[in-house]
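Here the protein sequences come in this chain order: A and B.
Take 166 as the starting number for the first sequence in this note's numbering and just add one per residue.
Take 166 as the starting number for the second sequence in this note's numbering and just add one per residue.
Note that the Cβ used here is the ideal one computed from N, Cα and C, for glycine as well.
These figures come from a predicted structure and were not determined experimentally.
There are 2 protein chains.
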Amino acid sequence: MTIDFRTALEKRRSIYSISKESPISDDKIIEIVNHSVKYTPSAFNSQSARVVILFGEEHNKLWDITMEALRKIVSAENFPQTESKINSFKAGYGSVLFFEDESVIKGLQAQFSSYKDNFPIWSQQSSGMLQFNVWTSLELEGLGASLQHYNPLIDDDVREQWKIPAHWRLVAQLPFGKPTEAAGDKNFIPVEDRVKVFR
Amino acid sequence: MTIDFRTALEKRRSIYSISKESPISDDKIIEIVNHSVKYTPSAFNSQSARVVILFGEEHNKLWDITMEALRKIVSAENFPQTESKINSFKAGYGSVLFFEDESVIKGLQAQFSSYKDNFPIWSQQSSGMLQFNVWTSLELEGLGASLQHYNPLIDDDVREQWKIPAHWRLVAQLPFGKPTEAAGDKNFIPVEDRVKVFR
Chain A
166 MTIDFRTALE KRRSIYSISK ESPISDDKII EIVNHSVKYT PSAFNSQSAR VVILFGEEHN
226 KLWDITMEAL RKIVSAENFP QTESKINSFK AGYGSVLFFE DESVIKGLQA QFSSYKDNFP
286 IWSQQSSGML QFNVWTSLEL EGLGASLQHY NPLIDDDVRE QWKIPAHWRL VAQLPFGKPT
346 EAAGDKNFIP VEDRVKVFR
Chain B
166 MTIDFRTALE KRRSIYSISK ESPISDDKII EIVNHSVKYT PSAFNSQSAR VVILFGEEHN
226 KLWDITMEAL RKIVSAENFP QTESKINSFK AGYGSVLFFE DESVIKGLQA QFSSYKDNFP
286 IWSQQSSGML QFNVWTSLEL EGLGASLQHY NPLIDDDVRE QWKIPAHWRL VAQLPFGKPT
346 EAAGDKNFIP VEDRVKVFR
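Okay, structure coming up:
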């Protein structure tokens, strides 16, 4: 059964309980990420988004890096809770890392100086669109995922580990895997309090 | 025929040539916007997005406001080009205005001070997701739309015209209408230059 765009929006949820299995092949995951990267719009079609996909041991390394970075700043008393959280992400099958290429943004700022202050903002908005599209596309294939933000804490270690160009700025991390628990209930503010219509 | 999520991503384009017709009813447009507002995620489920939908004369007013604001800052020599651009948006059927509620963001900053600097960034990312979802949902119904950014130039006039709360910050404008011309070709950077895989 084909699921339409609107139903896809409804089905996407944060899935925190994931395992080291995938209902689809690694090549299919890569193809899905590539597709979202290609078709997500960006200011002036600048295509500033960059992505790293980590599978297996490479995925484990990301969460080991995150764990060690947190160990340095979280108190011993609070660390067990942190450890358990990071292990829940490490328990997944892979991770997608979202970056924005600062050299592209600086290029736009130099070329179109009257929009100078806007390009970093539009870059964040475009990255959000991409994060959502990858997240939703993966979940439609039976994977579970959630969006995490351990940047800038892990930026230097990530850059060093995978030889990421210095001008790629980490924006978000999406650990994914086969869901082992469904998402809980979600609360919604009445939409009437959020949308005004004038006609 | 049901169009799936991925095909929907491919079909969404910037449509600049639009008319004062709509293939769907105003109520259907409102329902579509409400749906995206409800299901687009936000940091900590804060639901900080706010939206204004303008139809008919209210839509015309938005672009009149924008025209007059630009007339004050664009040289007489360059104004004909600006005028023609704004008139192309005014030629549409309606506009969706995207806001973020600053009071929600400040509330999060007060409650979770260690993420203080991140909430405004996550708000931009979430707004981007919503802009994309509304844009794509409307185009799937046969409307054409493009994302515009005349904020902060028009913020005060918009706030006054529609009695918008002072803590709603304008982020983007999406004029829409029946497409009168198809989108042109789009250039793509090779995805291999944008995505790295480690496995």
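Report all residues from its chain with a CB closer than 7 Å to the CB of residue i; omit the five preceding and five following residues, and keep chain order.
| i | result |
| --- | --- |
| L295/B | S201, V202, T205, A214, F263 |
| W327/A | V217 |
| W333/B | R215, F264, D266 |
| F244/A | R236 |
Going by beta carbon distance, what residues of the same chain come within less than 8 Å of residue i, once the five residues before and after it are set aside?
| i | result |
| --- | --- |
| L174/A | T301 |
| S240/B | none |
| N225/B | K255 |
| W287/B | S207, A208 |
Taking buried to mean at least 16 other C-beta atoms within 10 Å of its own C-beta, is residue i buried or exposed?
| i | result |
| --- | --- |
| K237/B | exposed |
| E222/B | exposed |
| K255/A | buried |
| N298/B | buried |
| D266/A | buried |
| F353/B | exposed |
| G259/A | buried |
| G307/B | exposed |
| P340/B | buried |
| I194/B | buried |
The beta strand (DSSP E) that contains residue i, what's its start and end?
| i | result |
| --- | --- |
| I108/A | Since the first residue of chain A shown is 166 and the last is 364, residue 108/A is not available in this structure. |
| F363/B | 360-363 |
Could you check where the alpha helix (DSSP H) with residue i kicks off and where it finishes?
| i | result |
| --- | --- |
| A337/A | Where A337/A is concerned, there is no enclosing alpha helix (DSSP H), although the beta strand (DSSP E) it sits in stretches over 333-344. |
| L273/A | 267-276 |
| V198/B | 191-204 |
| V299/B | 284-305 |
| F170/A | 170-176 |
| T167/B | Where T167/B is concerned, there is no enclosing alpha helix (DSSP H), given that its DSSP letter is neither H nor E. |
| F254/A | 244-255 |
| E325/B | 320-326 |
Looking only at its own chain, which residues have a Cβ that is under 6 Å from the Cβ of residue i, when we skip the five neighbours before and after it?
| i | result |
| --- | --- |
| D320/B | L335 |
| N316/B | L335 |
| W228/A | I251, F254, K255 |
| V269/B | S211, S213 |
Under 7 Å from any heavy atom of the ligand MG, does the C-beta of residue i make it?
| i | result |
| --- | --- |
| E306/B | The ligand content of the structure shown is nil, which means the ligand MG is not present either. |
How do the stretch 219-236 of chain A and the stretch 267-281 of chain A stand: do at least 3 beta-carbon pairs fall below 8 Å, yes or no?
With the cut-off at 8 Å, the stretch 219-236 of chain A and the stretch 267-281 of chain A do not touch.
Could you list the residues in the stretch 201-233 of chain A with a C-beta less than 8 Å from some C-beta on chain B, going in chain order?
Within the stretch 201-233 of chain A, the qualifying residues are S201, V202, K203, Y204, T205, P206, N210, Q212, A214, R215, V216, V217, I218, L219, F220, G221, E223.
Anything in the stretch 277-294 of chain B with a Cβ closer than 7 Å to a Cβ of chain A? List those residues in chain order, please.
For the stretch 277-294 of chain B, which is checked against every Cβ of chain A, the residues closer than 7 Å are N283, I286, Q289, Q290, S291, S292, G293, M294.
Interfacial residues, the stretch 233-264 of chain A to chain B, with Cβ spacing under 7 Å:
Taking 7 Å as the Cβ-Cβ cut-off against chain B, none of the residues of the stretch 233-264 of chain A qualify.
Output needed in chain order: residues of the stretch 346-359 of chain A with a Cβ under 8 Å from some Cβ in chain B.
So the list reads K351, N352, F353, I354, V356, R359, given in the order they occur along the chain.
Is it a yes or a no for the stretch 175-195 of chain B touching the stretch 339-349 of chain A, going by three-plus beta-carbon pairs under 8 Å?
Counting Cβ pairs under 8 Å, fewer than three are found: no touch.
Return the residues of the stretch 182-198 of chain A that lie within a Cβ-Cβ distance of less than 7 Å from chain B, sorted by chain order.
In summary, the residues of the stretch 182-198 of chain A whose CB is separated from some CB of chain B by less than 7 Å are D191, I195, V198, in the order they occur in the chain.
In chain order, what residues of the stretch 314-340 of chain A put their CB closer than 7 Å to some CB of chain B?
Listed by position, the residues of the stretch 314-340 of chain A near chain B (Cβ gap below 7 Å) are H314, W327.
Residues from the stretch 167-183 of chain B in contact with chain A, defined by Cβ distance under 8 Å
Answer in chain order: T167, I168, D169, F170, R171, A173, L174, E175, R177, S179.
Could you please tell me which residues of the stretch 297-313 of chain A, in chain order, have their CB closer than 9 Å to any CB of chain B?
Under the 9 Å Cβ criterion, the stretch 297-313 of chain A contributes F297, N298, W300, T301, S302, L305, L312.
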